[in-house]
Amino acid sequence: MDLPENELRGYIEDNGKPMWTAHNNHNIRYFKEEDIRMITNNYETLLGKGAFGEVYKGVLDDNISVAVKRYIHNVKENFAKEMIVHCQINHRNVVRLIGCCISENALMMVTEYISKGNLSDILHCSEISISLETRLDIAIGCAEALSYMHSEMYGQVIHGDIKPDNILLDESLNAKISDFGLSKLLSTDNTLYTTHVLGSIGYMDPLFAQSGRLTSKSDVYSFGVVLLELITRRKAVVDGKISLIENFTQALVKRKKIRDLYDVKVTNENNLRILDGIGKLATKCLAMDLEKRPEMKDVAERLRMIRKAQYQSQEKVLLFGWVRRSKQPPQNMVPADKHFHQNQVLKAEVQAQKESEVDRDVYDVTVVSEGSERLYSFGSSQGIELQKLLKASAEVLWKDKYATTYKAVLDDGFTLTIKRLKSVDLPDVPEAVFKERIAAIGTIEHELVVPLRQYYYSKDERLLVYDYFPNGSLASNLHGKNVAPVGWETRSAIALSVARAVAYIHSINAATASHGNLNSFNILLTGSYEARVSEHGLKTLVSAPTLVIDNNITQKDDVYSFGVILLEMLTGKSPILTDEPDLLDWILSIPREHWVAQAFDKKLLTENTVVEELVQFLKLAIHCCDKNLTLRPAMSDVTQQIEGIKYFYNWGYTSTKTMFRAGPIFLQGPLYQESSLQVVSEMAQDSLEEIDFWTQLPACRIC
């Protein structure tokens, strides 16, 4: 197929618009060859070469770095097919396609630039230390991307060339799958037969090579090889011989020998069970019986379970960094406070979890006085003594880039939540500055805000002490497994409580006060599922786009984050765990008339749900997430709008029991707030327009 430039563009666009248009990435840019020359500064920085051609680094007008893949062989059909497949995939662990050049004899693809290069170079051509935790995260990222491609897209995508060379790592070592040159887009029986078998030696499924039958299980096989490389840090192919799989399979029969293959830098007593688990999973992926290979969604779930086991085995210890199981007494000193005397010897009982048993050791720890290192309390609360905290056992609830959150149980059974900040959070911050910042958090007193009870500061440790909420976070209740479904009445009440809490925080100082870390993980639920906002003032993890630019947290950023939380409650999708690149963009891609069918969480669409109420909340969420800061409402106005919506649909709304659930409006009390009155007025008008629309339809059955 030899298509001229204009027809090639049409071919890409037409074939890239299947039934799942709402989910694909058609906002690709078309560049001219002269544009590419400017972007790459005349192809100045070569990133790499391959059989396909060369990759160069470039910079767009907005200073965004990109990678430009320049094809040597100008086979337009192959180029177009790769473009069509790649533009269907929107996932955080897949390299993002930005655009292409289709000029004559200058076929090029422009993607996001991934700074750390590929996994193969890092594993086999560098001395970079990679922890087992990071390797597991890389595996999970790739598995989730493949699971999405295999099971969650309308048409199944088979990558066809999964290997470490095609797994790129960003600055934080997050995995990004790249190179879709051999990928196939399937839409019928999810199986493809071909006589043109292509792949990479050592990674290509032998069954595919023998039969020409390509299925998602071919990717599973290749991923199994990647898992082996991650835990052994050995190449799959050495001098043209596929040695790693053979050696690992043989060692598996002799159980003790298999551990000799693991990378010695991550092989220790704590990690052996984790390595064994990954190794067993890899062998299942490599099974020569196609039916015995797991699906990628099952592989991803198994890896997540392994990671959870790793957290529990390594972190169910005492809170302080010096409390680690070892044969020697800890070298660090325990800080003294009012309960200890200088140079007193403390018997510190250290608790660690080793497989299924709990070992206890007693060490002599010298207590030294370093001035003000102690637990500080806020308000009238006496707080807990440092001695009790030292003896508390801690179970990891979750980890993120900035901190680890623990469930801490004291000897008397009292339970607390402890947030242990990582050093990247507040590097080299003097104690006086830290106290000033933490005081602003500790002085917040509101019934809907989780109070900061105590804190600890030293050069190496910063701990925050909060109340423990057994029902967990909004995120865990929306997206966790084996949890009771949260109905709309509860979700809308949570939304109102969060809005009121954030509005209160903003009222402290209209110019500067903000939460700065508002997300569903930081909304905790009481025993009766009432919301409490936590972690006010801590560095944000997922935040409004403006933070990426200037890192200046504003109240309008909180409004944006609140809008995302509304979207999360309405759709049931997590903005962090979802396979959509951006929850807001996904919502905006759905036509309004399809919101009910496509956007809302199916758990909310019960016979008692007033769909119009969901629509009004969705409109508000979109308004809060407006890309233009100045157009986002203030949180006080958001609160009043939610009150107006709930008043209209719950307290002052009368259903006539028709299919439209509409009827005369009876307000049971005056609306004192002007904005609430405006909301009710607008909704009333919307209802009248909808009724008018339906009643003017021809006399036919509406099902």
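Note that the UniProt record's numbering gives residue 662 to position 662 of the sequence shown, counting from 1, and the numbers run on in steps of one.
Note that beta-carbon positions come from the ideal geometry of N, C-alpha and C, so glycine has one too.
Within the region 125 to 191, the complete alpha helix (DSSP H) segments at least 4 residues long are 132 to 147, listed from N- to C-terminus. His623 is the residue among Thr630, His623, Leu629, Asn628 whose C-alpha sits nearest the C-alpha of Gln641.
Straight-line measurement puts the Cα of Phe248 at about 44 Å from the Cα of Pro470. In this structure, DSSP gives Thr40 a state outside helix and strand, which the three-state scheme calls coil. Boundaries of the alpha helix (DSSP H) harbouring Phe617: 611 to 624, taken from the DSSP string. When beta bridges are read from the DSSP output, Trp595 appears opposite no residue.
The C-beta of Lys265 has fewer than 16 other C-beta atoms within 10 Å across all chains shown, which makes the residue exposed. Burial of Tyr560 is indicated by the presence of at least 16 other C-beta atoms within 10 angstroms of its C-beta.
Following the DSSP letters along the chain, one finds Leu228 inside the alpha helix (DSSP H) bounded by residues 216 to 232. Here the alpha carbons of Cys100 and Arg37 stand approximately 13 Å from one another. Glu112 places its beta carbon less than 8 Å from that of Val95. Where Gly563 is concerned, the enclosing alpha helix (DSSP H) starts and stops at 555 to 571.
Residue pairing by DSSP places Thr45 opposite Lys57 in a beta bridge. Under the 8 Å Cβ criterion, the region 140 to 152 does not count as touching the region 272 to 286, having fewer than three qualifying pairs. His536 is the residue among Phe414, Leu448, His536 whose C-alpha sits nearest the C-alpha of Arg437.
Residue burial annotation: Glu489 is exposed, with fewer than 16 other C-beta atoms found within 10 angstroms of its C-beta.
About 6 Å separates the beta carbon of Ala495 from that of Leu566, a gap short enough to meet the 8 Å contact definition.
Taking Arg135 as the centre and dropping the five residues before and after it, the same chain places the C-beta of Leu230, Ile231, Val266 closer than 8 Å to its C-beta, in chain order. In the three-state DSSP reduction, Phe31 falls in the strand class (E or B). Comparing alpha carbon positions, the residue from Leu524, Leu629, Lys481, Lys257 closest to Ser497 is Leu524. Between Val465 and Tyr455, the C-beta gap is smaller than 8 Å, which places the two residues in contact. A straight-line Cα-Cα distance of about 10 Å links Gln156 and Thr215. Contact between Asn105 and Cys142 is absent: CB atoms are separated by about 35 Å, not below the 8 Å threshold. Counting along the chain, Lys69 sits inside the beta strand (DSSP E) bounded by residues 65 to 71.
Secondary structure at Tyr455: strand, using DSSP grouped into helix, strand and coil. Contact check for Lys176 and Asp170: beta-carbon distance about 6 Å, within the 8 Å limit, so the pair qualifies.
Check the Cα spacing between Asn42 and each of Arg453, Lys81, Glu33: the tightest is with Glu33. If the five residues before and after Val486 are omitted, its C-beta is found closer than 6 Å to the C-beta atoms of Asn477, all from its own chain and listed in chain order.
Around the beta-carbon of Ala432, fewer than 16 other beta-carbon atoms lie within 10 Å, marking it exposed. Judged by DSSP in its simplified three-state form, Asn93 adopts coil rather than helix or strand. For Tyr504, no beta strand (DSSP E) encloses it; the enclosing alpha helix (DSSP H) starts and ends at 488 to 508. Of the candidates Glu395, Leu275, Ser129, the residue whose Cα lies closest to the Cα of Thr415 is Glu395. A direct Cα-to-Cα measurement between Asp558 and Met83 gives close to 37 Å. Beta-bridge partners assigned by DSSP to Tyr406: Val396, Ile418.
Annotation for Arg293: no beta strand (DSSP E) segment contains it, and DSSP assigns it neither H nor E. As the crow flies, the alpha-carbon of Leu119 is around 12 Å from that of Arg234.
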